[in-house]
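Numbering (our numbering), first residue to last: 2 to 86.
So, in structure tokens, the structure goes:
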């Protein structure tokens with residue numbers, strides 16, 4: 002499957018999500034507001050757009066996530082990240 006190339010900020014997000022998922026032993030990761038803020042701080046170009054970026058990465062077959070109930074309401078739950086090459 003051929004995937005669309007990513008912009009620099011989306012590529013950085015994808016690689017960061019890979020690192021987060023790997024450090025959690027490839028188990029589901031709840032992306033709570035604190036984690037999303039941390040990602041925004043690391044990738045300023047995505048400030049206020051991280052959830053939109055997650056949706057794009059999923060549609061483009063880079064990650065898989067679902068919405069679930071976390072400590073602070075409905076939050077994205079990352080459950081698969083395709084390995085960066």
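C-beta: ideal position from N, C-alpha, C; glycine also.
With DSSP collapsed to three states, give me the class of residue i.
i          : result
residue 58 : helix
residue 44 : coil
May I have the straight-line CA-CA distance separating residue i from residue j, to the nearest angstrom?
i          : j          : result
residue 66 : residue 45 : 22 Å
residue 77 : residue 86 : 24 Å
Using the Cβ count rule (16 or more neighbours within 10 Å means buried), how would you classify residue i?
i          : result
residue 75 : exposed
residue 70 : exposed
residue 42 : exposed
Can you check DSSP and say which residues form a bridge with residue i?
i          : result
residue 75 : 70
residue 65 : 81
residue 31 : 78
In the DSSP assignment, find the unbroken alpha helix (DSSP H) run with residue i in it and report its ends.
i         : result
residue 5 : That residue, residue 5, is in no alpha helix (DSSP H); it is neither H nor E in DSSP.
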